[in-house]
DNA sequence: CTGTTAGCGCATTCAA
DNA sequence: TTGAATGCGCTAACAG
């Protein structure tokens, strides 16, 4: 039961002045007597007056709210990106409306629709893994909503984008494994629809080829998702092979951690017998035993940059005809789950 | 540069009818001819008409937006709680405005103020560790905003609250350590202002006393925060004691993980020489070596229940004079970092 | 069945 | 220096 909030009109009536006078006092207008201003300001404070942003937004056609949609907030990855977004836009008075699609295409559409009704000033979107059609994004964009896609690419969609160079991250990781003497390098992938999955796999493949190693289909395990359970299952399949791999490059740290637990159970030494490399460099990865070699991603910066570009759109008054496509560089962090050079 | 969105008036003009007729068509009112309705609906769809929620909110005095403030979104704990909140309120058409205070009291006040201007329909707040004065919460409450505090208690503040029974979680954990033969049980605490820190420490102390063990100040390490680094530092101090502890109960898993890495470095066996117990039961805890015994918290349910209670407030039209104070039970999950009974 | 009027809370003309 | 009028987009009450 929300009590009615005090309005400018309430104050005006109480003080026997016009609403516009109150408005002027509140805005420190020069066209008002000091005395009046004091009186009004004091009374407003006493009444706990709060300007109604809804009315203002209706007037200005600006809500100062940005819509953020991510596949899941629970993951370290996306919450860190949101962190970056928040830090960047907070300074400019923007608030965030955040929602997760739970990797559902339909939910993503619903969320974007709902946020567009609230007239958010712009969108920051990391598409769900099941988003293979981009009409909803195109529609929103064409309706005039500034928009940026981050982390996951939408191939063929012309909008601003910020992604991490998954290809080079994966390439570097696998290349490094080869240099340390690994010859039978397996790969456990992530969800098949994801651009990141595709790019990391390609990096893996190219690194093998470039080093004159054969691609062996039996060494590539296609994960359903990117959880530790997938890592457990994937590693178990690898153990069923006649000849074990001498290294496993995993789509992400969660998978690598799952794989690690399976390897340890069989009393196989990491990295002596099998090297293990993850992706994401989550905070805990350094505390595992052995500590996990992983590809660090500039996720926080990913958020900051995405926000920055969106703000640029917001502040520009010319129509966009060119789109920015930023690619951030990841970095291999070598720890003890892989051999040293 | 946001293009102007189509309004009801635009449609009305174009079709030479009145705005109210358009409104009726859009709402499937019975007082309108089938033919007209069709025509209007078709045109609206063609023009990509989106009802302006701002105007509606101004009219209804309801935004269908809830404000969520947590200390940090990056933590597994809070993002999972948000997950629960989202799942619960999403079904009722509520959107979430989420922000993190970064454990800053001032920021928390700023955020609540900003959200109140947007006229969120209610607040879900987990106070920062530096929030020791609750005037801002009281003010918001008195202004008529429904509000609920979750996870961290605000002692002496009369509002709805949902917390986890940290005391019993800690008590059970330490009691279990004693039963498995530990006699010198250390404790690394979390941030000192937190209600959770206080309750877990009390649980630790009482479990010792109840089992006839002495409280030894040297065994209690006061952590500044609750990161793995704190666990590392805390464990190092414990190693400086003349006599080592035979168990360490940590404020949370992050600290426990840090402590674990220090113990391993010194080639001391877990749990044979030192048992280790955490709190939170984060997803990775099961994958550590040894897997971490921890106190699982119903965080997702914490979010769901908080949301449910807030929705109840929202739907009730009588003024509150009693406040709900829900306490959820945590559960000890025994793994390999502690001895078996 | 349809159009007109008023008002949600506010800022911004324009008049006085 | 102040007040009255207008309109942001919409719905509801009222009048035809």
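Residue numbers (the UniProt record's numbering), protein chains in the order written: chain A, 1 to 341; chain B, 1 to 341.
Glycine included, C-beta positions come from ideal geometry on N, C-alpha and C.
Fair warning: this is a prediction, and the values are worked out from it, not measured in the lab.
Requested in this report: Can you tell me which of the three DSSP states residue 243 (chain A) falls into?
Outcome: coil
Query raised in the report: How close, in whole Å, do the beta carbons of residue 73 (chain A) and residue 148 (chain B) come, if the pair is a contact with beta carbons under 8 Å?
Result: Not quite, the Cβ-Cβ distance comes to about 19 Å (not below 8 Å), so this is no contact.
Query raised in the report: According to the neighbour-count rule (16 or more other Cβ atoms, all chains shown, within 10 Å of its Cβ), is residue 71 (chain A) buried or exposed?
Result: buried
Query raised in the report: Of all the residues that make up the UniProt domain "HTH lacI-type" (6-60) of chain B, which are near chain A by a beta-carbon distance shorter than 7 Å?
Result: 48, 50, 51, 52, 53, 54, 55, 57, 58
Report task. Pick helix, strand or coil for residue 223 (chain A), following the three-state DSSP scheme. Result -> coil
Requested in this report: Would you mind sorting residue 127 (chain B) into buried or exposed? The rule is 16 or more other CB atoms within 10 Å of its CB.
Outcome: buried
**Report entry** For residue 245 (chain A) and residue 181 (chain A), the rounded distance between their alpha carbons
**Finding:** 12 Å
Query - Start and end residues, alpha helix (DSSP H) containing residue 26 (chain A) - result: 19-26
Report task. Check the Cβ-Cβ distances between residue 134 (chain B) and every residue of chain A, and say whether any is below 8 Å. Result -> no
Query - Cβ-based neighbour list, residue 228 (chain A), same chain, cut-off 6 Å, excluding 5 preceding and 5 following - result: 254, 257, 258
Query - Residues that residue 139 (chain B) bridges to, as DSSP identifies them - result: Answer is none; residue 139 (chain B) lacks a bridge partner.
Requested in this report: Kindly indicate if chain A contains any beta-carbon less than 8 Å away from that of residue 97 (chain B).
Outcome: yes
Query raised in the report: Just checking, does the region 105-115 of chain A make contact with the region 125-143 of chain A on the three C-beta pairs under 8 Å criterion?
Result: yes
**Report entry** N-terminal and C-terminal residue of the alpha helix (DSSP H) that residue 97 (chain A) is part of
**Finding:** First-last for residue 97 (chain A): 95-100, but that is the beta strand (DSSP E), not the alpha helix (DSSP H).
Report task. Could you tell me whether any Cβ in chain B is nearer than 8 Å to the Cβ of residue 287 (chain A)? Result -> yes
Query raised in the report: Excluding five sequence neighbours on each side, which residues of the same chain lie with their C-beta closer than 7 Å to the C-beta of residue 39 (chain A)?
Result: 15
Report task. Spatial neighbours of residue 232 (chain B) within its chain, please: CB distance less than 6 Å, with the 5 preceding and 5 following residues excluded, ordered by chain position. Result -> 258, 262
Query - Per-residue burial, residue 268 (chain A) [other beta carbons within 10 Å of its own, 16 or more giving buried] - result: exposed
Query raised in the report: What residues in the region 258-273 of chain B bring their beta carbon closer than 8 Å to a beta carbon of chain A?
Result: 258, 260, 261, 264
Query raised in the report: Can a CB atom of chain A be found closer than 8 Å to the CB of residue 82 (chain B)?
Result: yes
Query - Where residue 178 (chain A) sits in the DSSP three-state scheme - result: helix
Query raised in the report: From this set, A:151, A:111, A:249, which residue's C-alpha is nearest residue 93 (chain B)'s C-alpha?
Result: A:111
Query raised in the report: If you measure beta-carbon to beta-carbon, which residues of the region 174-193 of chain A are closer than 8 Å to chain B?
Result: none
Query raised in the report: Under 8 Å Cβ-Cβ, which residues of chain A neighbour residue 117 (chain B)?
Result: 50, 51, 52, 53
Query raised in the report: Can you name the residues that DSSP bridges to residue 44 (chain A)?
Result: Paired residue(s): none; residue 44 (chain A) is not in a bridge.
Query raised in the report: Using a C-beta cutoff of 8 Å, does residue 1 (chain B) count as contacting chain A?
Result: Below a pLDDT of 50, predicted positions are generally treated as unreliable, and residue 1 (chain B), at 46, falls in that range; no measurement from the model is reported.
Query - Anticipated Cβ contact below 8 Å, residue 327 (chain B) with residue 163 (chain B), distance rounded - result: 6 Å
**Report entry** Option nearest residue 191 (chain A) by Cα separation, candidates A:183, A:226, A:341, A:171
**Finding:** A:226
Report task. Report the neighbours of residue 221 (chain B) on chain A: residues whose CB is nearer than 9 Å to its CB, in chain order. Result -> None at all; the shortest Cβ gap to chain A is about 18 Å.
Query raised in the report: Assuming residue 275 (chain A) and residue 339 (chain A) make a contact with CB atoms under 8 Å, what is their CB distance in whole Å?
Result: 6 Å
Query raised in the report: Closer than 7 Å: is that where the CB of residue 130 (chain A) sits relative to any heavy atom of the ligand NAD?
Result: Ligands displayed in this structure: none; no statement on the ligand NAD is therefore possible.
Report task. Could you pull the start and end residues of the alpha helix (DSSP H) that residue 106 (chain A) belongs to? Result -> 105-117
Requested in this report: Report buried or exposed for residue 266 (chain B), applying the criterion of at least 16 other Cβ atoms within 10 angstroms of its Cβ.
Outcome: exposed
Requested in this report: Tell whether a beta-carbon distance below 8 Å holds between residue 156 (chain B) and residue 189 (chain B).
Outcome: no
Requested in this report: Could you list which residues in chain B have their beta carbon closer than 8 Å to that of residue 148 (chain A), in chain order?
Outcome: Ordered by position in chain B, no residue passes the 8 Å Cβ test against residue 148 (chain A), which lies about 15 Å from the chain.
Requested in this report: Quick one: give me the first and last residue of the beta strand (DSSP E) that residue 160 (chain B) is part of.
Outcome: 160-164
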